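Taking the working numbering, I'd label the letters of the sequence shown as residues -11 to 236.
Below: the structure, in structure tokens.
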Amino acid sequence: MVLLVFLRPTVRGHSASAWSAIACYGIVMAAMNLLLYKAIEYLPLGVAVTLDFLGPAVVALVFSRRIREAAWALLALGGVILIAGPGGHFDLLGFAFGIGAGLCFALYTLLAEKVGKAGDSSVSSLALSVSIAALVSLPFGIPKVAEVTGAQWGLLALSGAIGVAIPYLVDTLAARISSARVVGTLFAIDPAMGTLIGWLVLGEQLGWLSLLGILCVALAGAGVTWFAARPPGPLEQVPATDLAREQA
């Protein structure tokens, strides 16, 4: 509602492929959030967000052309093993929801670039995608409507603006001026922030293995996206003679 009111998107002028991207973006948004919230029911906040972050980290790795960056993927995997280890926080159902959220997050990262680079209509497309996400999520929220008090409606509206409208808008604009690989750098902060908020607000306690695992995943994601965004050095560039030979 916030984006619809302020952005006033138009439903006209979008091609069939654009509508496909808009719809997929919205569906993935809804699935990503629903799965993440379910993961948080079974896992500490920092652990759930860490599993969620594996998605954009994998996207950055897959679209990277440098073999050496496979080491970052191994670091991320090691981090997940530490989180799920004997001294960590492991819940099979929670991990299933977390990994599912991560898969959706990977698709979200790719679609953010596609929708974000749709030209002047990118912001309008985002508003339509968020509206579709709201419609998809509606059946899951209706049973809880009767439990919401008057004061909580204000908090829900504030949460929608701060937790949905602004982050999605920033994600789309960031992907518009960069790429799915680069925008993943921003998502590397998520596990650390999730852990910090879980500790400060929810009073959650994590063992040192879980904290080390979260750190490994965050470092791996940041490393993958950082090196993927760097321009190739002189030794990595294709010589002009080789390029001319390939074109011939």
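For every residue, glycine included, the Cβ atom is placed at its ideal position computed from N, Cα and C.
From a predicted model like this one, the values you see are computed outputs, not experimental measurements.
Cβ shell of residue i (< 7 Å), same chain only, five flanking positions each side left out
i      : result
Leu23  : Phe85, Gly88, Ala89 and Cys92
Val124 : Gly14, Ile15 and Ala18
Ala11  : Ile120
Phe128 : Leu22
Thr137 : none
Per-residue burial, residue i [other beta carbons within 10 Å of its own, 16 or more giving buried]
i      : result
Ala145 : exposed
Gly82  : buried
Ile28  : buried
Lys132 : exposed
Ser117 : buried
Thr38  : buried
Ile202 : buried
Ser198 : buried
Val47  : buried
Leu188 : exposed
Ala134 : exposed
Pro227 : With a pLDDT of 47 at Pro227, under the threshold of 50, the modelled position of this residue cannot be trusted; read the value that follows with caution. By the 10 Å Cβ count, Pro227 comes out exposed.
Ile130 : exposed
Thr183 : buried
Gly211 : buried
Leu157 : buried
Ala36  : buried
Assigned secondary structure, residue i (DSSP; H/G/I helix, E/B strand, else coil)
i      : result
Phe51  : coil
Glu238 : Because the chain here runs from -11 to 236, residue 238 falls outside it and cannot be looked at.
Thr137 : coil
Phe78  : coil
Arg233 : Model confidence at Arg233 stands at a pLDDT of 44, short of 50, so the residue's coordinates are unreliable; what they give is reported in the following sentence. Note: Arg233 maps to helix in three-state DSSP.
Close beta carbons around residue i, own chain, < 6 Å, minus the five adjacent residues each side
i      : result
Ala121 : Gly14, Met17 and Ala18
Lys102 : Ala9
Gly186 : Pro32, Leu33, Gly34 and Glu192
Gly67  : Gly201, Cys204 and Val205
Met20  : Ala89, Cys92, Phe93 and Tyr96
Lys26  : Phe85
Trp196 : none
Tyr30  : Asp79, Leu81 and Gly82
Ala61  : Leu49
Limits of the alpha helix (DSSP H) - the one that residue i falls within
i     : result
Ile10 : Ala4 to Tyr30
Expected contact under 8 Å - CB spacing of residue i and residue j to nearest Å
i      : j      : result
Ala208 : Leu33  : Not quite, the Cβ-Cβ distance comes to about 20 Å (not below 8 Å), so this is no contact.
Thr97  : Pro44  : 4 Å
Ala6   : Ser119 : That belief does not hold up - the Cβ atoms of Ala6 and Ser119 are roughly 15 Å apart, past 8 Å.
Residues near residue i by beta carbon distance below 8 Å, same chain, minus five either side
i     : result
Leu70 : Gly76, Leu197, Ser198, Leu200, Gly201 and Cys204
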